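Colleague:
Protein chains: 2
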Amino acid sequence: MPSRARFLPILEWGRSYSGKTFVSDIVAALIVTIMLIPQSLAYAMLAGLPPEVGLYASIAPILAYALFGSSRTLAVGPVAVVSLMTLTAAGSVAPPGSAEFIAAALVLALLSGLFLLLMGVLRLGFLANLLSHPVVSGFITASGILIATSQLKSLLGIRAEGGTMPELVAGLWANLGDTSLPTLAIGLASTAFLFWVRKGLKPLLLAAGLAPRAADLLAKAGPIVAVLVSTVAVVALDLEAAGVRVVGQIPQSLPPLTVPPFDLELWMTLAIPALLLSIIGFVESVSVAQTLAARRRERIDPDQELIGLGAANIAASFTGGYPVTGGFARSVVNHEAGAETPAAGAYTAAGILLAALFLTPLLAPLPVATLAATIIVAVLGLVDLRKPVEVFRYSRADFAAMMATIAATLLVGVEPGVMAGVATSLLLYLWRASRPHAAIVGRVPGTEHFRNVERHDVITNPRIVTIRVDESLTYLNARWLEELVLETVAGNPEIEHLILMCPAVNAIDASGLESLEAINRRLADAGIRFHLTEVKGPVMDRLRRSHLVDDLTGAIWLTQHEAFAALAGARPPEAADAAAPPRPEPAPRSRAA
Amino acid sequence: MPSRARFLPILEWGRSYSGKTFVSDIVAALIVTIMLIPQSLAYAMLAGLPPEVGLYASIAPILAYALFGSSRTLAVGPVAVVSLMTLTAAGSVAPPGSAEFIAAALVLALLSGLFLLLMGVLRLGFLANLLSHPVVSGFITASGILIATSQLKSLLGIRAEGGTMPELVAGLWANLGDTSLPTLAIGLASTAFLFWVRKGLKPLLLAAGLAPRAADLLAKAGPIVAVLVSTVAVVALDLEAAGVRVVGQIPQSLPPLTVPPFDLELWMTLAIPALLLSIIGFVESVSVAQTLAARRRERIDPDQELIGLGAANIAASFTGGYPVTGGFARSVVNHEAGAETPAAGAYTAAGILLAALFLTPLLAPLPVATLAATIIVAVLGLVDLRKPVEVFRYSRADFAAMMATIAATLLVGVEPGVMAGVATSLLLYLWRASRPHAAIVGRVPGTEHFRNVERHDVITNPRIVTIRVDESLTYLNARWLEELVLETVAGNPEIEHLILMCPAVNAIDASGLESLEAINRRLADAGIRFHLTEVKGPVMDRLRRSHLVDDLTGAIWLTQHEAFAALAGARPPEAADAAAPPRPEPAPRSRAA
Chain L
19 MPSRARFLPI LEWGRSYSGK TFVSDIVAAL IVTIMLIPQS LAYAMLAGLP
69 PEVGLYASIA PILAYALFGS SRTLAVGPVA VVSLMTLTAA GSVAPPGSAE
119 FIAAALVLAL LSGLFLLLMG VLRLGFLANL LSHPVVSGFI TASGILIATS
169 QLKSLLGIRA EGGTMPELVA GLWANLGDTS LPTLAIGLAS TAFLFWVRKG
219 LKPLLLAAGL APRAADLLAK AGPIVAVLVS TVAVVALDLE AAGVRVVGQI
269 PQSLPPLTVP PFDLELWMTL AIPALLLSII GFVESVSVAQ TLAARRRERI
319 DPDQELIGLG AANIAASFTG GYPVTGGFAR SVVNHEAGAE TPAAGAYTAA
369 GILLAALFLT PLLAPLPVAT LAATIIVAVL GLVDLRKPVE VFRYSRADFA
419 AMMATIAATL LVGVEPGVMA GVATSLLLYL WRASRPHAAI VGRVPGTEHF
469 RNVERHDVIT NPRIVTIRVD ESLTYLNARW LEELVLETVA GNPEIEHLIL
519 MCPAVNAIDA SGLESLEAIN RRLADAGIRF HLTEVKGPVM DRLRRSHLVD
569 DLTGAIWLTQ HEAFAALAGA RPPEAADAAA PPRPEPAPRS RAA
Chain D
19 MPSRARFLPI LEWGRSYSGK TFVSDIVAAL IVTIMLIPQS LAYAMLAGLP
69 PEVGLYASIA PILAYALFGS SRTLAVGPVA VVSLMTLTAA GSVAPPGSAE
119 FIAAALVLAL LSGLFLLLMG VLRLGFLANL LSHPVVSGFI TASGILIATS
169 QLKSLLGIRA EGGTMPELVA GLWANLGDTS LPTLAIGLAS TAFLFWVRKG
219 LKPLLLAAGL APRAADLLAK AGPIVAVLVS TVAVVALDLE AAGVRVVGQI
269 PQSLPPLTVP PFDLELWMTL AIPALLLSII GFVESVSVAQ TLAARRRERI
319 DPDQELIGLG AANIAASFTG GYPVTGGFAR SVVNHEAGAE TPAAGAYTAA
369 GILLAALFLT PLLAPLPVAT LAATIIVAVL GLVDLRKPVE VFRYSRADFA
419 AMMATIAATL LVGVEPGVMA GVATSLLLYL WRASRPHAAI VGRVPGTEHF
469 RNVERHDVIT NPRIVTIRVD ESLTYLNARW LEELVLETVA GNPEIEHLIL
519 MCPAVNAIDA SGLESLEAIN RRLADAGIRF HLTEVKGPVM DRLRRSHLVD
569 DLTGAIWLTQ HEAFAALAGA RPPEAADAAA PPRPEPAPRS RAA
């Protein structure tokens, strides 16, 4: 991305905006708007907020992202996992739905926006790397289960609060007797319908001759149909009188101008949740944006994404919203419906604005159970139970981090879940990084190649030990290296030369260097000379800036073969073997690659 | 180390104990005892504890280490840096010298012992890796400066409290007018004498015909001479009446049996300081132990060291001591004086016990200024101002971590200092790990070698892009890899094949795998086939347990040359160059190395 467009990508795509692009964008915006209305209401209620907050969170934030975001088709707004995290965080300072709770949600959006902006400007996006794929996947799956469980109460028309599975299940169990049958009927019917739309409708539409993409998009309209039908049913059958909870009056209004309260204690309390929420939101959003961009050989700039999402959340905090991020399903719909530029987002914002101004009276009789059904069907799509199996087969360490995340999320809560995942991944990474692979190697007869003595039948020399280290030498494994070398020479009086073979050493940090110096000194005390071989070009360039090159009791050799041959005093006997042709010159090596 | 000796190394060395070994050990113990008496008193007073606590901390802990430690010559007891950390930690809950303070020191020793033991049993010693060499070096240097500054008050005979440089300097400045001239005279004379012993005595002794080792050992006796002379001077000149502060009555006693108070709140307060203190102590101690072991081609077991040091600290907490670890100077003396087994430690403990029982009355008139002088001379030896320069030249990232540690230690305190160092190192490590070195490569004409297109004049093909990644693919760089690939293909419609060349990829974790799968899918969406080349044997073994091998739109090639040649459709023209002899067979590769 050219530098002039840094911080304001609209300068890039805005200048080539045409009538054709406008039509594509407006069609996509219409489809996304229809999809977003029930979703916005549903996710706001999941977050413990009045339904209109969901609409407000889908207006200004979308505009802000359209100005600052780098993805052309990402659709920003309320999403399930971030809504759950909002409920948990704001719920820790005030009861859901209260004025203090709504204010806390504004603060969360503001803080989360500021964190994202700061990370974008300081290019700290790499911190999101701390969330490994298995941890994110485990967290999303566990959150999906938590959210679906939390919505069962609305499906049953009962009360059940709590942020963990044991609390939710206990609450549901205790109040099961209060189940409202009309509510349950609407809830189950909506759920069944939405599942059928998801799985069964598309084949029918295809059979009816629709193009696959149109069939896909039509199938996405399922929720709005459920909303319409169930709303009509409530009015027609007067189900509200029969105990069916409805959304109720939604103010007919532009998004209000709000100012998040500045209360230092509140900010401190919400800082960590806001940080976790923004990183989770960013990670999810970037992955969607990258997938969509790649389809058109475009790319997104993750640092710019941080700025775009930061701006969106700050916009949310000043317009009566709550934390937002890029949503997976709606972005795919936006993309597949043909959106070409972020202007499609602006048109979507206009659509939601019109809905907030004119459609809200029609939504009053909408049953909450229908919204719960749309949430359940949406989040069950996030639950991926095959993933843990795959990860288990591939890597036990990643599986452990994933399980720690899932268990902590389900049993303790969303924030401990994320933190457990990050901590477990990091500990396991550090543990592995602290004991990399290394092998004692010997020469393969008749060649210049050196291989692991435990795996191959190779030539060794009792006076010369060669250790090949298959990792960069950093502070995480510096002590391991010292131990490895000392262990190798301990109680072995025959050794005169120790060679460290470095073809896989991509870097040596100051601790690695100091360990090499300590090894050199200790081996000197023990009467052993210390050599390095096959040091890579950039690593060697840096070593030249240290004392090691001068202090080394041995030498730094270009090739292991050269070192072994020279130190063994003469070419070993089988080198004279006539079958192996002598090489005319040393093979070129990737010294300066 | 054979398994029977795990947890109890005495079973190993005990069975070969002979009369000759006994004599060596007893001589070393005598020399260490003489050195340890003034040090124990001085460091206890540095820690804000009564002097006898230093003696007690040099009895049972030494015995416990002799039973459980793996180093044959490490001398355990009070050391400067751990004493400073004890002062800071216990000082945060009670005023130095108070009964609560002494109790807090016992709790610190107990907690620190339990942490060490736990880390040893669970083999968590790798956590000590989080302290990089530059961070430890910076911390030790800053601590040395802090300690030396804190002792100036005793040299001047004034009061000045505080745990940071600004506090200490302000305190000294404010009370400078109270300076006691006789105290200052003793202090300066002792300091000058001790510096002379350190630098000037050894050459004299050598000139007088002493063997170098004997000269070294005799030079180490400097502190005891300063103690004797200044004590005699105080008594002879009645300097106590002239305002010279003396150590005063020290109880003549066996180490008392103590029980650290069980107070959960106190334990919680001291847990983090105890953890930091034990890790710092462990890191210092292991480095000394390794250096000494290597001289005799022996080795130590770091996990066993954790157990040994843990036992020593727990012993300290039940016998009126305070946190201990392996001391550098005294371990070197022990080693050079000829100690052969941990039994030397046991004899040292006996020596200190005799001192506690019979010598303490003689120490009452010992001036505190002399002890301050021994501390100052000892800790200035820890200050290494050349190291930052070296580290700066070698690695800016390590230098940044070192400076963060030094600044935080001097300006905020020892615990924030350690934590700042760990956090800075880790952040910089993660930052570097998140953007490893990679290059787009092309073929060197007339060879099968592929080099960076930016550094070499190489052959490329507009339809084929090869990226060589010089790092393992882990969750820390998985997103970077996705961005790199998308950035490379973005806006480049000619590309048909993207090759990832993996000769330096030592591992691929689940996130790396998922990124490869995402890249494969996204490239497929963009109509580009994705290939891997030169995948190492162990990495390939693991990839076979994933879907990637089946899903890959391209292939996994043994060599880059093979892939490039096949995908380019034919051998490129210059391969026919008669000057370059065709290779009879592909060079063997380290597939299963």
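Sequence order for the protein chains is L and D.
In terms of my numbering, the first sequence opens at residue 19 and continues consecutively.
In terms of my numbering, the second sequence opens at residue 19 and continues consecutively.
Where is the CB? At the ideal position from N, CA and C, for every residue including glycine.
Since the model is a prediction, treat every value here as computed from it, not as a measurement.
Any beta carbon of chain L sitting closer than 8 Å to that of D:R589?
Modeller: Low local confidence applies: a pLDDT of 42 at D:R589 is under 50, so the model's placement there is unreliable, with the coordinate-based value given in what follows. It does not; no Cβ of chain L falls within 8 Å.
Colleague: Output needed in chain order: residues of the segment 393-411 of chain L with a Cβ under 8 Å from some Cβ in chain D.
Modeller: Taking 8 Å as the Cβ-Cβ cut-off against chain D, the residues of the segment 393-411 of chain L that qualify are E408, V409 and R411.
Colleague: Using beta-carbon positions only, say whether D:L310 and D:S89 come within less than 8 Å of one another.
Modeller: A contact, by the Cβ cut-off of 8 Å.
Colleague: Roughly how many whole angstroms lie between the Cα atoms of L:T492 and D:V154?
Modeller: Between L:T492 and D:V154, the C-alpha separation is close to 14 Å.
Colleague: Rounded to whole angstroms, what is the Cα-Cα separation between L:L85 and D:L576?
Modeller: Approximately 47 Å between the Cα atoms of the pair.
Colleague: To the nearest angstrom, how far is the alpha carbon of D:R589 from that of D:N479?
Modeller: Here the model assigns D:R589 a pLDDT of 42, short of 50, so the residue's position is not dependable, and the following value carries that caveat. Spanning the two alpha carbons is a distance of roughly 12 Å.
Colleague: Which of the three DSSP states is assigned to D:A108 in this structure?
Modeller: D:A108: helix per DSSP, three-state reduction.
Colleague: Taking buried to mean at least 16 other C-beta atoms within 10 Å of its own C-beta, is D:L272 buried or exposed?
Modeller: So D:L272 ends up on the exposed side.
Colleague: Comparing alpha-carbon positions, which option in L:L518, L:L294 and L:A544 lies nearest L:P509?
Modeller: Looking at the sequence shown, residue 509 of chain L is not Pro but Gly. Comparing Cα positions, the closest option is L:A544.
Colleague: If you draw a straight line from the C-alpha of D:S335 to the C-alpha of D:L128, how long is it?
Modeller: Going by the C-alpha atoms only, they are around 5 Å apart.
Colleague: State the DSSP-derived secondary structure class of D:E592, mapped to helix, strand or coil.
Modeller: With a pLDDT of 42 at D:E592, under the threshold of 50, the predicted position of this residue should be treated as unreliable, though the coordinate-derived value follows. Of the three classes helix, strand and coil, the one that applies to D:E592 here is helix, per DSSP.
Colleague: Output the residue ranges of the alpha helix (DSSP H) runs that lie fully inside the segment 306-367 of chain D and measure 4 residues or longer, sorted by chain position.
Modeller: Qualifying alpha helix (DSSP H) stretches, in chain order: 320-336 and 346-354.
Colleague: Can you grab the Cα-Cα spacing for the pair L:Q57 / D:G587, in whole Å?
Modeller: Taking the straight line joining both Cα atoms gives about 51 Å.
Colleague: Could you round the C-beta distance between D:R540 and D:L504 to whole angstroms and report it? I think they count as a contact, below 8 Å.
Modeller: Correct: roughly 7 Å between the Cβ atoms.
Colleague: Would you verify that the beta carbon of D:G460 is, or is not, closer than 8 Å to some beta carbon of chain L?
Modeller: D:G460 does not count as touching chain L.
Colleague: Hey, could you find the ends of the alpha helix (DSSP H) L:N652 is sitting in?
Modeller: This structure cannot speak to residue 652 of chain L, because chain L is shown only from 19 to 611.
Colleague: Taking the Cβ atom as the reference point for each residue, do L:L429 and L:G162 lie within a distance shorter than 8 Å?
Modeller: Taking 8 Å as the Cβ cut-off, L:L429 and L:G162 do not qualify as a contacting pair.
Colleague: Since D:V440 and D:L148 should fall inside the 8 Å C-beta cutoff, what is the C-beta to C-beta distance between them, to a whole number of angstroms?
Modeller: About 5 Å; that satisfies the 8 Å criterion.
Colleague: Please check if any C-beta of chain D sits within less than 8 Å of the C-beta of L:A244.
Modeller: Judged by the 8 Å Cβ criterion, L:A244 is not in contact with chain D.
Colleague: Got a sec: is the Cβ-Cβ distance from L:G509 to anything in chain D below 8 Å?
Modeller: Closer than 8 Å: yes.
Colleague: Starting from L:H579, follow the alpha helix (DSSP H) in both directions and report where the run begins and ends.
Modeller: First-last of the alpha helix (DSSP H) with L:H579: Q578 to L585.
Colleague: Can you tell me whether L:S172 is buried or exposed? The criterion is at least 16 other CB atoms within 10 Å of its CB, across all chains shown.
Modeller: Buried is the call here.
Colleague: Count the other C-beta atoms from every protein chain shown that fall within 10 angstroms of the C-beta of L:W191, then say buried if there are 16 or more, exposed otherwise.
Modeller: Exposed, since its Cβ has fewer than 16 Cβ neighbours within 10 Å.
Colleague: Alpha carbons only, please: which of D:A251, D:E466, D:L48 and D:T366 is nearest the one belonging to D:Y74?
Modeller: Among D:A251, D:E466, D:L48 and D:T366, the Cα nearest to that of D:Y74 is on D:T366.
Colleague: Going by Cα to Cα distance, which pick from L:N524, L:A210 and L:L295 is closest to L:G435?
Modeller: The shortest C-alpha separation from L:G435 is found at L:L295.
Colleague: DSSP puts L:M103 in a beta bridge; with which residues?
Modeller: BP columns for L:M103 are empty, so no partner.
Colleague: Between the beta-carbon of L:A390 and the beta-carbon of L:G205, is there less than 8 Å?
Modeller: Yes, they are a contact pair.
Colleague: Kindly indicate which three-state DSSP category L:P385 falls into: helix, strand or coil?
Modeller: If DSSP states are grouped into helix, strand and coil, L:P385 belongs with the strands.
Colleague: Restricting to runs no shorter than 4 residues, where is the alpha helix (DSSP H) found entirely within the segment 199-231 of chain L?
Modeller: Listed in chain order, the complete alpha helix (DSSP H) runs (minimum 4 residues) inside the segment 199-231 of chain L are 199-214 and 220-225.
Colleague: Among all the DSSP beta bridges, which residues are the ones paired with L:T51?
Modeller: Answer by DSSP bridge pairing: none, since L:T51 is not bridged.
Colleague: With burial defined as no fewer than 16 other Cβ atoms inside 10 Å of the residue's Cβ, what is the status of D:E532: buried or exposed?
Modeller: Counting Cβ neighbours within 10 Å, D:E532 comes out buried, since at least 16 surround it.
Colleague: Excluding the 5 residues preceding and the 5 following D:A387 in the sequence, name in chain order all residues of the same chain whose CB lies nearer than 8 Å to its CB.
Modeller: Closer than 8 Å at Cβ, skipping near neighbours: S172, L173, G175, T201, L202, I204, G205, S208, S248, V262 and R263.
Colleague: Does DSSP put L:F468 in a helix, in a strand, or in coil?
Modeller: Strand at L:F468.
Colleague: So which residues on chain D does L:R449 lean against when the C-beta distance must stay under 7 Å?
Modeller: The amino acid at residue 449 of chain L is misidentified as Arg; the sequence shows Trp. Near L:W449 (Cβ distances below 7 Å), the residues of chain D are F144.
Colleague: Using a C-beta cutoff of 8 Å, does L:N147 count as contacting chain D?
Modeller: It does; some Cβ of chain D falls within 8 Å.
Colleague: Quick one: Cα of D:W31 to Cα of L:R547, how far?
Modeller: Computed Cα separation, rounded: 29 Å.
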